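The structure appears below as structure tokens.
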Amino acid sequence: MVIRELKDWHKEYKRPLIISGPCSVETEKQLRESVLPILDKVDFVRGGIWKPRTRPGNFEGNGEKALQWVANMKRETPFKFAMEVATPEHVELAMKYDVDLLWIGARTTVNPFNVAELAEALQGASIPVLVKNPIHAELSLWKGALERFSKAGVENLGAIHRGFHSYQKSKYRNIPLWQVPLDLKSEFPELPLICDPSHIAGQTELVPDIAQRALDLNYDGLMIEAHCQPQLAWSDAAQQIPSEELGLLLDGLLLRDAAFTKENIISQLEIIREQIDQADREILEAINLRMNLVEKIGEYKKENNVAIFQLSRWKSIFNSRQEWAEQLNLDKDFVVDILRLLHQQSVKTQTEVFNQKEEKNLSSND
Ligand code: PEP
Ligand code: MN
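Quick note, our numbering runs 287 ahead of the 1-based positions in the sequence shown.
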């Protein structure tokens, strides 16, 4: 993959590159009021022209009309404009209106058909294209999208880390899983890496810390959603910061030395801790699922007059799990201890199920 460094395609580059603006361009007035207070602080103004909404019935963007508002405003006060493209028609309109930077949304990166169409539409284009990570944490899809654009001759490429969907509840809207973008960066060290703390956070309070962490990890830039009146925003109201506050947020960020500082080591530790938290959460979710199944089988055994404990089943559980432990390189004794605990709890739960039913039957006989 031919990758050009950020300073080679954005001559004015000074770390960090800042892309900011509203989630969506809603009205001409909202665009103006959201963008004017941040113009001297950003490299690119962002604004959604078409919005990929998860559920129907929400605001889906103003399309070409919004591009006309952008063009009107650019004529009065020049600035560089960045937007998402999801179809070849979007690319065509972006070219017609001289848009300065494009990004590929997380819901598009997941779909190789879609990416291939966009790559064809962008064949040989010199406009910078930033590829957001796919919704789920599959590094090869992210790399695959970048490779498709690269093969199509798009050289001014970059990646945007916007976090990953998780079915489990978390304080983030999209869990960061920092290891994934860092793996991408270690494979392609020149590839510009931008963090989108707004879509990771989902709420404004978390945005500064995530932005700081990205800088501590030596990211090249930030994409931050800013709106003149976030509480009235037509999309992503909870995560957009007031445009007036962007300067304050940026001033509060520390640009540390890229070398291995004490702070960098601390932030690495925090990343691993976060992954451990996530792993523990997944273990508990799996235990919860197992206990629900145990309850179900308890009811079934009771109804069919089957004893709770069956030696043959216990033996087969015991043997197969030890084999799994071996395959997973886990200490067998440790796994046996866990299994005993799980089994004990399962027998207890099933006994409760048996007793409950009996009580119910007794009272219904009364
Ligand atoms: C956006 O940037 O407004 C957006 C829709 O982002 P994502 O593709 O990361 O969800
Ligand atoms: Mn958004």
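Where a beta carbon is used, it is the ideal one built from N, C-alpha and C, also for glycine. Being a predicted model, the structure only gives us computed values, none of them experimental.
Residue i: CB within 7 Å of a non-hydrogen atom of ligand 1
i    : result
A393 : yes
H423 : no
D483 : yes
H377 : no
R449 : yes
H486 : yes
K456 : no
G445 : no
G335 : yes
P463 : no
For residue i, the first and last residue of its enclosing alpha helix (DSSP H)
i    : result
H423 : Element bounds for H423: n/a, residue is neither H nor E.
L323 : No alpha helix (DSSP H) holds L323; DSSP gives it neither H nor E.
F605 : 598–614
E363 : 351–363
P495 : 494–503
Simplified DSSP state of residue i, which is helix, strand or coil
i    : result
Q637 : helix
E531 : helix
L541 : coil
S311 : strand
L649 : Residue placement at L649 cannot be trusted, given a pLDDT of 47 that sits under 50; what the coordinates show is reported in the next sentence. Note: L649 maps to helix in three-state DSSP.
H297 : coil
R627 : helix
N591 : coil
Q643 : helix
N345 : coil
I336 : coil
I290 : coil
Boundaries (first-last residue) of the beta strand (DSSP E) holding residue i
i    : result
I306 : 304–308
I481 : 480–482
E371 : 368–371
V332 : 331–333
A520 : No beta strand (DSSP E) holds A520; DSSP gives it neither H nor E.
L509 : 508–514
Expected contact under 8 Å - CB spacing of residue i and residue j to nearest Å
i    : j    : result
I481 : I447 : 5 Å
S485 : Q516 : Actually they do not touch by this definition, with Cβ atoms about 16 Å apart.
G445 : P415 : 7 Å
S307 : R342 : 27 Å between Cβ atoms; not a contact.
I595 : Q637 : 5 Å
Near ligand 2: residue i beta-carbon under 7 Å from a heavy atom
i    : result
S321 : no
E277 : Residue 277 is absent from the model: the chain starts at 288 and stops at 653.
C515 : no
S437 : no
D523 : yes
E347 : no
E512 : yes
What runs of the beta strand (DSSP E), each 3 residues or longer, lie entirely inside the region 382–466?
Runs of the beta strand (DSSP E) inside the region 382–466: 388–391, 416–419, 444–448.
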